[in-house]
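Undergrad:
Protein chains: 2
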Amino acid sequence: MRADRGARRSGSVRQGIPDATVARLPVYLRALGLLSEDGVSTVSSEELATAAGVNSAKLRKDLSYLGSYGTRGVGYDVQYLVYQVSRELGLTQDWPVVIVGLGHLGHALANYNGFASRGFAIRALVDADPDKVGTTVAGLEVAPLQALEDVVRSHDIAIAVIATPAAVAQDVCDRLVAAGVSSILNFAPTVLAVPDHVEVRKVDMSIELQILAFHEQRKVLPGAATAEVNGSLNGLATVVSP
Amino acid sequence: MRADRGARRSGSVRQGIPDATVARLPVYLRALGLLSEDGVSTVSSEELATAAGVNSAKLRKDLSYLGSYGTRGVGYDVQYLVYQVSRELGLTQDWPVVIVGLGHLGHALANYNGFASRGFAIRALVDADPDKVGTTVAGLEVAPLQALEDVVRSHDIAIAVIATPAAVAQDVCDRLVAAGVSSILNFAPTVLAVPDHVEVRKVDMSIELQILAFHEQRKVLPGAATAEVNGSLNGLATVVSP
DNA sequence: CTCACTTTGTGCTCACGTTCACAAGCGCAT
DNA sequence: ATGCGCTTGTGAACGTGAGCACAAAGTGAG
Numbered sequence: 000m001r002a003d004r005g006a007r008r009s010g011s012v013r014q015g016i017p018d019a020t021v022a023r024l025p026v027y028l029r030a031l032g033l034l035s036e037d038g039v040s041t042v043s044s045e046e047l048a049t050a051a052g053v054n055s056a057k058l059r060k061d062l063s064y065l066g067s068y069g070t071r072g073v074g075y076d077v078q079y080l081v082y083q084v085s086r087e088l089g090l091t092q093d094w095p096v097v098i099v100g101l102g103h104l105g106h107a108l109a110n111y112n113g114f115a116s117r118g119f120a121i122r123a124l125v126d127a128d129p130d131k132v133g134t135t136v137a138g139l140e141v142a143p144l145q146a147l148e149d150v151v152r153s154h155d156i157a158i159a160v161i162a163t164p165a166a167v168a169q170d171v172c173d174r175l176v177a178a179g180v181s182s183i184l185n186f187a188p189t190v191l192a193v194p195d196h197v198e199v200r201k202v203d204m205s206i207e208l209q210i211l212a213f214h215e216q217r218k219v220l221p222g223a224a225t226a227e228v229n230g231s232l233n234g235l236a237t238v239v240s241p
Numbered sequence: 000m001r002a003d004r005g006a007r008r009s010g011s012v013r014q015g016i017p018d019a020t021v022a023r024l025p026v027y028l029r030a031l032g033l034l035s036e037d038g039v040s041t042v043s044s045e046e047l048a049t050a051a052g053v054n055s056a057k058l059r060k061d062l063s064y065l066g067s068y069g070t071r072g073v074g075y076d077v078q079y080l081v082y083q084v085s086r087e088l089g090l091t092q093d094w095p096v097v098i099v100g101l102g103h104l105g106h107a108l109a110n111y112n113g114f115a116s117r118g119f120a121i122r123a124l125v126d127a128d129p130d131k132v133g134t135t136v137a138g139l140e141v142a143p144l145q146a147l148e149d150v151v152r153s154h155d156i157a158i159a160v161i162a163t164p165a166a167v168a169q170d171v172c173d174r175l176v177a178a179g180v181s182s183i184l185n186f187a188p189t190v191l192a193v194p195d196h197v198e199v200r201k202v203d204m205s206i207e208l209q210i211l212a213f214h215e216q217r218k219v220l221p222g223a224a225t226a227e228v229n230g231s232l233n234g235l236a237t238v239v240s241p
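Protein chains in written order, with numbering that gives the first Met the number 0: chain A, 0 to 241; chain B, 0 to 241.
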């Protein structure tokens, strides 16, 4: 699911933050935000780890990649850590975002509050349907698809969300990239091909359900198991979970 | 290396499909579906890998966990592979699903076609808002939150989707689990605590955007190439203390 | 039948990620 | 100021995943 990353392949010292860690930082940030709202000023790795649903050693190692921001014997200062994590994630600035495709999902995304609160500003909405163009969604006027490039350039947009049907996603993607977008969040159920310098992350709800179905099926399996060859001994070792 | 996880248990290969592989099977399935629609009857690992956006060796290894379904010198039979992958994922049966929470997102999910086409049948919708209860969404009547347990039991539902506000997600989750649900797809931006036998997968759009922002920020950094990028931010990034 | 060619299946190696376990460091009580 | 208890930061071991490269196994031509 990771798009190819040019950074690591260049042979030079990659002393950055591991991808797995980056993926967890937003979770820590959310937990810290809740603690902060509750007026908590200091938190131990154990407490924060529990709140974030991870193991405390992992949390400490993750935070250690950002620097030594804890105090031994005490814990971490919540406010300070919020700032440090935000800075590392690049959330101290605002990121203008465009959403392409305003079906049910695009509509839901445009109305989602979780974006603005994290420094993402939805600046434009684009759709191909003439009936939708010109209407107002979440306080923004929907622009026509042919205005895509203009919209991207005029708002200096680097991050785009694709919520179109799969059939047109690649085309939209190509145009976004050509217009200067370099990060794409793809909700269309299709694999997007992009140049190396563009980062794509995908969210596919159908895939998530299928993964759940796989594990669900395993649970139901009465040891007898799957056709064909083999009669494995222990039908259910239940290796699932994390 | 993986081979011995299965081999260790008995003479036969089964039981241990790596999580990373399971997560890719739905992608292969989608690609195979497209090929099938186009009337393609046979496909090589190279072609399928390209369509799925992965490396061909990885694809072959993934498929080898299911069994030896290819023919050397020829490739894989598309129809047969569709069947085998579907069977492995548990998609040869229908999975009844309930969606809890019918805000913009729940609404979008209820109307999403990608579910039904993969063997998931949305059987019930539940919401706490009295104004929504009783209305019809995507052809289903919205049931009240207090009917949650009844709904789960009467439809024999094992897989649930949570699309509620974060504040009530854990409570809904607990009730779902108590009612017998054992797989949960969570869209609420919160960490859910569940018993070991319950599988949770989460989809958090805000987190995905934050991950993109991280990489986007890195790109913008001054052009000192790949070298000491992080060094200028905090001198302690290396593993050694000064 | 034999040879040349194609494509699968997999052994091997390296890289990444997780977890344990403990020394180092900090604050507080005495 | 000294020692005690607590929590961080991290070395090291282990587990998982990716990808190369090649032997094995099939096809088809001569």
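We treat Cβ as the ideally placed atom computed from N, Cα and C, and that holds for glycine.
The model shown is predicted, which means the values in this text are computed figures rather than measured ones.
(1) Contact check, residue 30(A) vs residue 56(A) under 8 Å by CB: the rounded distance?
(2) Please confirm if residue 133(B) has its CB atom under 9 Å from at least one CB of chain A.
(3) Can you tell me whether residue 42(B) is helix, strand or coil according to DSSP?
(4) Please report the straight-line C-alpha distance between residue 88(B) and residue 26(B), rounded to a whole angstrom.
(5) From residue 127(B) to residue 136(B), what distance separates their C-alpha atoms?
(6) Would you mind sorting residue 33(B) into buried or exposed? The rule is 16 or more other CB atoms within 10 Å of its CB.
(7) Is there a Cβ of chain A sitting closer than 9 Å to that of residue 106(B), yes or no?
(8) May I ask you to report which of helix, strand or coil DSSP gives residue 67(A)?
(9) Can you check whether the CB of residue 108(B) is closer than 9 Å to the CB of residue 213(B)?
(10) Residue range of the alpha helix (DSSP H) that residue 210(A) falls in?
(11) For residue 159(A), which residues does DSSP report across the bridge?
(12) Buried or exposed for residue 181(A), please, with buried defined as at least 16 other CB atoms from any protein chain shown within 10 angstroms of its CB.
(13) Does the Cβ-Cβ distance between residue 172(B) and residue 144(B) come in under 9 Å?
(14) Please check the pair residue 202(B) and residue 202(A), which I expect to be a contact at CB under 8 Å, by giving their CB distance rounded to whole angstroms.
(15) Would you say residue 87(A) faces chain B, with C-beta separation under 9 Å as the test?
(16) In this structure, how does DSSP classify residue 131(B) when only helix, strand and coil are distinguished?
(17) Let me check understanding here. Comparing Cα to Cα, which of 118(A), 114(A), 85(A) and 147(A) lies closest to residue 125(A)?
(18) At least one CB of chain B closer than 9 Å to the CB of residue 110(A): is that the case?
(19) With DSSP as the reference, label residue 124(B) as helix, strand or coil.
(20) Checking the sheet assignment: what are the DSSP bridge partners for residue 75(B)?
(21) In this structure, does DSSP put residue 139(A) in helix, strand or coil?
(22) If residue 207(B) and residue 184(A) are in contact, beta carbons under 8 Å, what's the gap, nearest whole angstrom?
(23) Closer than 8 Å by C-beta to residue 39(A): which residues in its own chain qualify, once you throw out the five before and the five after it? Chain order, please.
(24) List the residues of chain B that residue 216(A) touches, going by C-beta distances under 7 Å, in chain order.
(25) When the Cα atoms are used, what is the spatial distance from residue 139(B) to residue 22(A)?
(26) Under 7 Å Cβ-Cβ, which residues of chain B neighbour residue 198(A)?
(27) Here's the rule: buried if 16 or more other CB atoms are within 10 angstroms of the residue's CB, otherwise exposed. What is residue 196(A)?
(28) Since residue 201(A) sits in a beta bridge, which residues does DSSP pair it with?
(29) Applying a beta-carbon distance threshold of less than 7 Å, which residues of chain A neighbour residue 55(B)?
(30) Between the stretch 94–101 of chain A and the stretch 152–161 of chain A, can you find at least three pairs of beta-carbon atoms closer than 8 Å?
(31) Taking 9 Å as the threshold (C-beta atoms), are residue 209(B) and residue 28(A) in contact?
(32) Run down chain B in chain order and give the residues with a C-beta less than 8 Å from the C-beta of residue 182(A).
TA: To lay it out plainly:
(1) Position 31 of the first sequence, counted from the first residue, corresponds to residue 30(A). Position 57 of the first sequence, counted from the first residue, corresponds to residue 56(A). 17 Å between Cβ atoms; not a contact.
(2) Numbered from its first residue, the second sequence carries residue 133(B) at position 134. The beta carbon of residue 133(B) sits no closer than 9 Å to any beta carbon of chain A.
(3) Your numbering for residue 42(B) matches position 43 in the second sequence. Three-state result, residue 42(B): strand.
(4) Reading the second sequence from its first residue, position 89 is the one you call residue 88(B). Reading the second sequence from its first residue, position 27 is the one you call residue 26(B). Cα to Cα, the separation comes out at about 12 Å.
(5) On the second sequence, residue 127(B) is found 128 positions in, with the first residue counted as 1. On the second sequence, residue 136(B) is found 137 positions in, with the first residue counted as 1. Going by the C-alpha atoms only, they are around 15 Å apart.
(6) Numbered from 1 along the second sequence, position 34 holds the residue referred to as residue 33(B). So residue 33(B) counts as exposed.
(7) The count along the second sequence starts at 1 and reaches residue 106(B) at position 107. It does; some Cβ of chain A falls within 9 Å.
(8) Along the first sequence, one-based indexing puts residue 67(A) at 68. Residue 67(A) falls in the coil class under three-state DSSP.
(9) Here residue 213(B) corresponds to residue number 214 of the second sequence, with the count starting at 1. Here residue 108(B) corresponds to residue number 109 of the second sequence, with the count starting at 1. Going by C-beta atoms, residue 213(B) is not nearer than 9 Å to residue 108(B).
(10) The sequence position of residue 210(A) within the first sequence is 211, counting from 1. Residues 204–219.
(11) Residue 159(A) sits at position 160 when you count from the first residue of the first sequence. Paired residue(s): 97(A) and 183(A).
(12) As a position in the first sequence, residue 181(A) is number 182, starting the count at 1. So residue 181(A) ends up on the buried side.
(13) Numbered from its first residue, the second sequence carries residue 172(B) at position 173. Numbered from its first residue, the second sequence carries residue 144(B) at position 145. No, these two residues do not count as a Cβ contact at 9 Å.
(14) Against the second sequence, residue 202(B) aligns to sequence position 203. Against the first sequence, residue 202(A) aligns to sequence position 203. Yes, residue 202(B) and residue 202(A) are in contact; Cβ-Cβ is about 6 Å, under 8 Å.
(15) As a first step, residue 87(A) must be located in the first sequence, where it is residue number 88. Output row for residue 87(A): interface = yes.
(16) The count along the second sequence starts at 1 and reaches residue 131(B) at position 132. Coil.
(17) Stepping through the first sequence from its first residue, residue 125(A) is reached at position 126. It is 147(A) whose Cα lies nearest to the Cα of residue 125(A).
(18) To locate residue 110(A), count along the first sequence from 1; it is residue 111. With 9 Å as the cut-off, residue 110(A) counts as an interface residue toward chain B.
(19) On the second sequence, position 125 is the one that residue 124(B) refers to. Looking at residue 124(B) - three-state DSSP - the assignment turns out to be strand.
(20) Translated into positions along the second sequence, residue 75(B) becomes position 76. In DSSP, residue 75(B) forms a bridge with 42(B) and 69(B).
(21) By one-based count along the first sequence, residue 139(A) stands at place 140. Residue 139(A) falls in the strand class under three-state DSSP.
(22) Here residue 207(B) refers to the residue found at position 208 of the second sequence. Here residue 184(A) refers to the residue found at position 185 of the first sequence. About 5 Å; that satisfies the 8 Å criterion.
(23) Mapped onto the first sequence, residue 39(A) falls at position 40. Within the same chain, residue 39(A) has close Cβ partners 77.
(24) Here residue 216(A) is taken as the residue at index 217 of the first sequence, counted from 1. Near residue 216(A) (Cβ distances below 7 Å), the residues of chain B are 89.
(25) In the second sequence, the residue the question calls residue 139(B) occupies position 140. In the first sequence, the residue the question calls residue 22(A) occupies position 23. Whole-angstrom Cα-Cα distance: 36 Å.
(26) Sequence index remark: in the first sequence, residue 198(A) carries index 199 (1-based). By Cβ distance, chain B contributes 211 and 214.
(27) Walking along the first sequence from the start, residue 196(A) turns up at place 197. Burial call: exposed.
(28) Start at 1 with the first residue of the first sequence, and residue 201(A) comes out as number 202. Beta-bridge pairing links residue 201(A) to 185(A).
(29) Your numbering for residue 55(B) matches position 56 in the second sequence. None at all; the shortest Cβ gap to chain A is about 14 Å.
(30) Below 8 Å, enough C-beta pairs join the stretch 152–161 of chain A and the stretch 94–101 of chain A to call them touching: three or more.
(31) Locating residue 28(A) in the first sequence gives position 29, counting from the first residue. Locating residue 209(B) in the second sequence gives position 210, counting from the first residue. For residue 28(A) and residue 209(B), yes; Cβs fall inside 9 Å.
(32) Taking the first residue of the first sequence as 1, we reach residue 182(A) at position 183. Below the 8 Å Cβ cutoff, chain B contributes 211, 212, 214 and 215 as neighbours of residue 182(A), in chain order.
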